[in-house]
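Residue numbers (the working numbering), protein chains in the order written: chain A, 220 to 669; chain B, 220 to 669. A virtual CB, placed ideally from N, CA and C, is assigned to each residue, including glycine. Since this is a predicted model, take the numbers as computed values, not measurements.
Number of protein chains: 2
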Amino acid sequence: MAEQQRHRVVIVGGGFGGLFAARLLRRAPVQVTLIDRENYHLFQPLLYQLATGILSEGEVAPPIRHILRRQHNVDVEFATVTGFDLQNRTVTATRLDDSERRHPFDSLIVAAGAGQSYVGHDEFARYAPGMKTVDDALELRARIFGAFEMAESEYDDAARRAWLTFVVVGGGPTGVEIAGQIAELSRGGLKRNFRKVDPGAARVILCDGGKEILAGFGDRLSQKASNGLAKLGVEIRTGCTVTDVHALGVAVKAHDGSTEHIAARTKIWAAGVEASPLARLLADAGGASTDRAGRVEVLPDCSLPGHPDVFVVGDMMSLDRLPGVAEVAMQSGMHAANTIKRRIAGKQSVAFKYRDLGSMATISRFRAVVSFKGVKLSGFAGWLVWLFVHIAFLTGFKNRFAAMLHWTNTFLFSGRAERAITVRQAVGRVVIDEAGGQESLRIAPPQARP
Amino acid sequence: MAEQQRHRVVIVGGGFGGLFAARLLRRAPVQVTLIDRENYHLFQPLLYQLATGILSEGEVAPPIRHILRRQHNVDVEFATVTGFDLQNRTVTATRLDDSERRHPFDSLIVAAGAGQSYVGHDEFARYAPGMKTVDDALELRARIFGAFEMAESEYDDAARRAWLTFVVVGGGPTGVEIAGQIAELSRGGLKRNFRKVDPGAARVILCDGGKEILAGFGDRLSQKASNGLAKLGVEIRTGCTVTDVHALGVAVKAHDGSTEHIAARTKIWAAGVEASPLARLLADAGGASTDRAGRVEVLPDCSLPGHPDVFVVGDMMSLDRLPGVAEVAMQSGMHAANTIKRRIAGKQSVAFKYRDLGSMATISRFRAVVSFKGVKLSGFAGWLVWLFVHIAFLTGFKNRFAAMLHWTNTFLFSGRAERAITVRQAVGRVVIDEAGGQESLRIAPPQARP
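In structure tokens form, the structure reads like this:
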């Protein structure tokens, strides 16, 4: 079969890096196998909207194979990569039923991304979920809307205030966006829903260890963002280190050395990432090094040293101190794919050059900050750019249309379409037995369900 | 406070019975507490659309307190009822943090509905989930879309066919609708998505123990439904009893006594319901009897014998052999609420009279069967009535609009908006270790997630 003689490209990961690499190979004389442990491509920049009830799973996470359905030279495998054999040029993937498959490759692109990092405090994870997967976002959604429910039926004032206090750790775009959205939904989206508590009285505290939030955006936008959040009622604490996280709250240390305990039932971790464990696995297999964030150190053309046909792209790649953003993943994924095409055509590989297309973060409805090649926009102008870019980049006409519908509902009417709390979404919810002071990780509700 | 001297009504359950009772008390001189263990009102007639990727959670399960936000005499409690004390007139509810609250009442309406019944074979539940809660539907969604994924990466022919075989047990409206939708999505919605398997080759088998499907609709509509499903490729087996369900398939017995094993990875249980365990709890507390389906036997005005202020409505109520449908729940809920209003006004209670507004079931896009007061509609005319009624009854303008958008996508373009499979949704997925033949209930994917 002619198919089998084609150059075989295996791509690990269907995020921005892997998906854009696959797309670029659309007309190349190659056969592509894209392996992901999820069946969906996650549009990560909108994950905070899933966590706050604006968009649904389908809108931020369309199936990878549906996106690539018209690209006939791509096979999509729903499996978890568990091994690399660079000598024999195979990738091992384990399917959901534990059966293993070996996928031979001529070129390999590894784009497995990054997960949340708790910088040595993995025990924080159960109390302060991160924002990396659809399950993370659905758990946060259950925790956030559940907190208002718990407050409503709480008789004790202090306990009620703890349910109405939300601490977001990390002042990058994700932290800023989720803090802004929690504040907005408490001020608008839950109007008239409660009888005993005023959801608008919720405290949202955004902690960041640095001198300012959105540090990468420059002083002016950082200040604009701070002002915008302050208008929404978000308390911003810069120079603030989180020293402990538990079921009932967090301990923080200010830069002057003073410490404080904040009683807060809902904590969200948006500080720091570390590369997928596949980075370590690949580095070990290929004799490469990893950096402090666990990313694989690559040559200027994104290839693994000594393995010119193996590429690492996106959040897993350590190169030129590039930031862990979607744009870097897309561009490096496309660069790797292009290099494969060039090699097949007998051309040399060239160094990857990142074209910085700027960054943006929404603050509230009608307000965003945008930084693009020295141009800094904020307020409504920034929001229009945010809206335009996100509609343009959302995958598929149908998702664009559905997202616009939900945005109309949210931005104009403060509505939140997705507020269902389910047992499984709330798995991992940490509750405390108030009588005994004993912590327990609750998996099922008090009573067995029929 | 004047509030506290008002007649206190406690409603247990925010389904059709409880919600319509609460709404009817809008202008009555009462204070209502509605307690539900979920934060959402489930629009059960569309649950099959959640399970097959057409609608999202938010569209079929809006928050109860949001629906009732403008009704100031209602408090919504998110808690699980764990006890009734009819002497002291209190209901005990346990919140998610295990703390208990006692809610005093002057009148009580219990409308906790019904769960799936496996008629003495609870061990079938793990292999053949039912269709009662949002979690059920999300698990089914993960299993259905996951089955096509597994088939795609399966090399063995027989194993692949088992992944592409779906058995639906129960030929009532729910069974008919889910069977039709699985057939439709396999024939249309997954087009071009797969490389190795043809999703359209999926077998959908609908088993029913009776002589015909949709027995309550009459012979003509039953025949129309059978023909419609057959056109979609659904295999209908009537007079067919399921004698065993396990990870790899089901054993069935035909009415002639012959037996067969059907290799099928995905099984859906839509046969039989039993009343919520709260029915037993209430009957014990009030000295009442329950029937074979666990429902509480009530007087003609829906009240508990000897307790004129305690009402049981909907699927939990045993009265006049009324069917377990949404209409009965709504009307009996409203009847109970009306009786409370009449009593406060010094009037006598009257017997509940069910006005049969007919029944309907969708077969495929553009086809439904409708039975209404002797008028029988099928095909496109039936579907138009189905569409009209469902748009009219969906709660909230926004949900109507969103549902119409998704229906346009599905009915005109065969699209499925919601196809994300997440680990937690698939919790409970039963897989089999093919090497060892050992069954295991998988909770996490093979590799720990970062």
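{"Asked": "C-beta atoms of SER568 of chain A and THR581 of chain A nearer than 8 Å", "Found": "no"}
{"Asked": "Close Cβ partners of LEU672 of chain A (< 6 Å) along its chain, the five nearest in sequence each way excluded", "Found": "With chain A running from 220 to 669 in the structure shown, residue 672 of chain A is simply not present."}
{"Asked": "Length of the line joining the Cα atoms of MET579 of chain A and TRP605 of chain A", "Found": "7 Å"}
{"Asked": "As assigned by DSSP and simplified to three states, the class of THR384 of chain A", "Found": "strand"}
{"Asked": "VAL212 of chain A vs VAL293 of chain A beta-carbon contact at 8 Å", "Found": "With chain A represented from 220 up to 669, any question about residue 212 of chain A goes unanswered, as that position is not in the structure."}
{"Asked": "Beta-carbon proximity list for ALA347 of chain A, same chain, < 7 Å, skipping 5 on both sides", "Found": "VAL388, VAL464, LYS486, ILE487, TRP488"}
{"Asked": "Closest residue to ARG288 of chain B among A:VAL395, A:LEU409, A:SER326 (Cα-Cα distance)", "Found": "A:LEU409"}
{"Asked": "Element boundaries [beta strand (DSSP E), containing ALA470 of chain B]", "Found": "468-472"}
{"Asked": "Cβ pair MET553 of chain B, ALA498 of chain B closer than 8 Å", "Found": "no"}
{"Asked": "Buried versus exposed, by CB contacts within 10 Å (16 or more), GLN400 of chain B", "Found": "buried"}
{"Asked": "Neighbour-count burial assignment, GLU257 of chain A, 16 or more Cβ in a 10 Å radius", "Found": "buried"}
{"Asked": "Neighbour list for PRO323 of chain A in chain B, Cβ cutoff strictly below 7 Å", "Found": "Result: empty, since nearest Cβ-Cβ is about 15 Å, beyond 7 Å."}
{"Asked": "For ALA587 of chain B, the first and last residue of its enclosing alpha helix (DSSP H)", "Found": "No alpha helix (DSSP H) contains ALA587 of chain B, which is instead part of the beta strand (DSSP E) from 586-591."}
{"Asked": "Cβ of MET535 of chain B within 8 Å of any chain C Cβ", "Found": "Of the chains in the structure shown, none is chain C; the protein chains are A and B."}
{"Asked": "Whole-angstrom distance between PHE324 of chain B and ALA370 of chain A, CA atom to CA atom", "Found": "23 Å"}
{"Asked": "GLY533 of chain A and GLY234 of chain A closer than 8 Å at C-beta", "Found": "yes"}
{"Asked": "Alpha carbon of LEU238 of chain B to alpha carbon of MET549 of chain B, nearest angstrom", "Found": "8 Å"}
{"Asked": "Where GLY647 of chain B falls: helix, strand or coil (DSSP)", "Found": "Any reading at GLY647 of chain B must be qualified, since the residue scores a pLDDT of 37, below 50, and its modelled position is unreliable; the value itself is stated next. Coil, per DSSP."}
{"Asked": "Straight-line gap, GLN263 of chain B to ALA402 of chain A (C-alpha atoms, nearest Å)", "Found": "32 Å"}
{"Asked": "8 Å Cβ shell around GLU637 of chain B - same chain, five flanking residues per side excluded", "Found": "LEU269, GLY272, ILE273, LEU274, SER275, ARG360"}
{"Asked": "Beta-carbon proximity list for ALA490 of chain A, same chain, < 6 Å, skipping 5 on both sides", "Found": "VAL388, GLY389"}
{"Asked": "Where GLN224 of chain B sits in the DSSP three-state scheme", "Found": "helix"}
{"Asked": "Beta-bridge pairing of ALA482 of chain B - partner residues as DSSP gives them", "Found": "B:GLY468"}
{"Asked": "Beta-carbon proximity check, LEU523 of chain A vs PHE571 of chain A, cutoff 8 Å", "Found": "no"}
{"Asked": "Residue-chain proximity (TYR346 of chain A, chain B), Cβ-Cβ < 8 Å", "Found": "no"}
{"Asked": "Backbone CA spacing between THR629 of chain A and HIS226 of chain A [nearest angstrom]", "Found": "48 Å"}
{"Asked": "Where the alpha helix (DSSP H) containing HIS322 of chain B begins and where it ends", "Found": "Looking at the DSSP string, HIS322 of chain B is not in any alpha helix (DSSP H); the run it does join, the beta strand (DSSP E), is 319-323."}
{"Asked": "Nearest residue (CA-CA) to CYS459 of chain A, options A:LEU576, A:VAL386, A:ILE563", "Found": "A:VAL386"}
{"Asked": "DSSP state of GLU373 of chain B mapped onto helix, strand, coil", "Found": "coil"}
{"Asked": "ASP475 of chain B (DSSP reduced to helix, strand or coil)", "Found": "coil"}
{"Asked": "Neighbour list for GLU276 of chain A in chain B, Cβ cutoff strictly below 8 Å", "Found": "SER275, GLU637, ALA639, THR641"}
{"Asked": "Own chain, CB closer than 6 Å to LEU261 of chain A, minus 5 neighbours either side, in chain order", "Found": "ALA280"}
{"Asked": "Rounded separation between ARG546 of chain A and ARG242 of chain A - CA only", "Found": "Residue identity check: residue 546 of chain A is Glu in the sequence provided, not Arg. Computed Cα separation, rounded: 15 Å."}
{"Asked": "Range of the contiguous beta strand (DSSP E) that encloses LYS595 of chain B", "Found": "594-596"}
{"Asked": "CB contact check: ASP294 of chain B to chain A, cutoff 8 Å", "Found": "yes"}
{"Asked": "Cutoff 8 Å: ARG288 of chain B Cβ touching any chain A Cβ", "Found": "yes"}
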